[in-house]
Structure formats: structure tokens, C-alpha cells
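What follows is a short report on a single structure.
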Ligand SMILES: [Zn+2]
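Numbering (the working numbering), first residue to last: 59 to 315.
Shown next as C-alpha cells:
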């Protein structure tokens with residue numbers, strides 16, 4: 059089988075620049091999980107990123123397009139993933155980004171792959187990080203902000219103090235997917251998807267050329283999307299990369315009715 063894991067094609071080396079620092083990036087975590095894994099059970103919007111199965115971001119989902127394109131353009135080194143738990147923002151882990159690839163959603167749709175990932179059992183509140191590092195991460199920002207080179211190195215050291223528990227996250231993601239399967243008939247209900255994410259699955263997403271010249275909006279006023287190929291209408295809050303009816307990639311557009 060064609061191996062599409064990095065560093066193989068179509069992945070390209072990012073060659074990140076330390077002076078470019080990193081990105082703090084928000085993700086939705088699952089409120090029925092003791093670990094801050096992505097929100098697999100989010101109603102009508104099951105989340106696939108951060109995708110720890112493949113240590114990628116934006117390969118399967120259309121989340122955070124501005125973070126992904128900004129990181130590639132600036133050659134930033136790390137993504138720090140934070141989420142909301144117990145009414146406060148908490149840092150759960152990071153990717154050190156090694157590669158990027160062009161996705162099917164238009165010219166600025168980049169998929170990112172880590173050459174190292176590190177996720178911790180006990181996420182650290184941004185407020186307590188500020189107290190320790192004299193940073194201002196707990197000051198309000200929307201969902202994305204840059205970190206300086208110095209802050210980037212400090213955050214890596216802080217998270218590295220705890221062991222990496224990626225396997226526990228993977229076990230928990232599987233448990234939540236089986237919860238969806240039991241109660242909604244699929245592991246990813248809006249996607250009509252019954253199997254876990256894996257590199258085998260990634261081949262389809264990576265072999266689809268960027269078919270559209272302009273970026274597609276990744277929100278719809280109706281939370282509905284229509285496939286430009288087969289006409290199927292999907293209800294899901296976030297834009298899906300793949301049409302659940304005909305399996306084509308990059309064909310869903312916001313539906314106004
Ligand atoms: Zn379709």
C-alpha cells in the first residue's frame with residue numbers, strides 16, 4: 059500500500075524557524091471524559107482534531123484554518139493546544155510541527171503533521187502558567203495567539219515535566235467513539251463514519267488535489283451543507299471535508315435553506 063505517512067509525499071518539510079515561535083490554539087474537549095481529549099461526542103459536530111491517531115491537524119477536519127495557514131507561512135515550530143475545563147482555560151499538550159501538505163479545501167488549506175507530540179494527564183491552567191512564567195496567556199483572546207520563541211521554549215519545558223500519555227488519550231478517544239456508535243449508530247455521526255481514523259484512511263484525504271480556487275467558508279448560517287456533486291444535504295456545525303453520501307472531498311458548500 060502507498061505509504062502517505064510523513065516524510066513521504068505529499069508531505070513537505072516545514073523547516074520551522076525557532077525565532078518564529080509557536081501558536082496557542084483552542085480546541086473543544088469532551089466534557090464526559092476525565093482526560094481533555096477532543097470533543098468526540100459533541101452533538102451534531104463530532105470533532106476529529108487534534109487527531110492524535112496520526113499526530114496531525116487539519117488532515118480530516120476543517121478546524122482552525124487561520125492557525126494552519128499562519129503557521130505554515132511563518133514557519134512556526136509548535137502548536138500548543140488549550141481547551142476549556144472546569145470554567146477555565148487549560149493547556150493539554152503540544153505538537154512540534156515537522157511537515158505540511160495541501161488539503162482539498164482550497165489554496166490556503168494546509169494539513170499539519172507533528173514530528174513530536176506530547177499530551178499530559180493533568181492539563182495546566184493558563185492562569186497558573188502566567189503566575190509561573192510571567193506571561194499573559196490568561197488575558198482574553200479569541201482562540202488563537204502567537205507565542206514568542208522564549209515563551210515557546212518555556213511552555214515545552216513546562217509540559218515536559220509531566221510524562222506523555224498519548225496512549226491514554228487514544229484509549230479514551232476509542233471509548234468515546236464507541237459511545238457514539240452505541241447511541242448514534244456511528245463513531246462520527248454527522249460523517250456517517252464507523253471506523254477509527256488512521257493513516258490508511260489518510261490516503262484518500264491526501265490524494266485529493268486542491269480542487270477549488272477560492273477558500274470555502276467553514277461555517278454555515280443554517281449548520282447545513284449541500285454537496286455540489288450529488289446534492290446531498292448534511293447537517294453538521296463544522297464544514298466536513300468529505301461528503302458522507304458520495305464520499306467526494308471538498309464538495310460541500312453552505313446551504314441557505
Ligand atoms: Zn456528495
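Think of the CB as a built atom: it goes at the ideal place given N, C-alpha and C, for glycine as much as any other residue.
1. Please state whether the Cβ-Cβ distance between residue 88 and residue 295 is less than 8 Å.
2. Which residue comes first and which comes last in the beta strand (DSSP E) that contains residue 203?
3. Would you call the segment 185-201 and the segment 157-170 in contact, with 3 or more CB pairs under 8 Å?
4. Which ranges would you report for the beta strand (DSSP E) in the segment 217-273 if only whole runs of at least 3 residues count?
5. Considering only their Cβ atoms, is the gap separating residue 148 from residue 94 smaller than 8 Å?
6. Just grab the DSSP bridge partners of residue 160 for me.
7. May I have all residues whose beta carbon comes closer than 6 Å to any heavy atom of ligand 1, sorted in chain order?
8. Which residue's Cα is closest to the Cα of residue 115: 138, 238 and 208?
9. In whole angstroms, what separates the C-alpha of residue 206 from that of residue 77?
10. Considering only the beta carbon of each residue, do residue 312 and residue 275 sit closer than 8 Å?
According to the structure shown:
1. no
2. 202-205
3. no
4. none
5. yes
6. 168
7. 285, 287, 288, 290, 301, 303, 304, 306 and 309
8. Nearest C-alpha to residue 115 among 138, 238 and 208: 138.
9. 7 Å
10. yes
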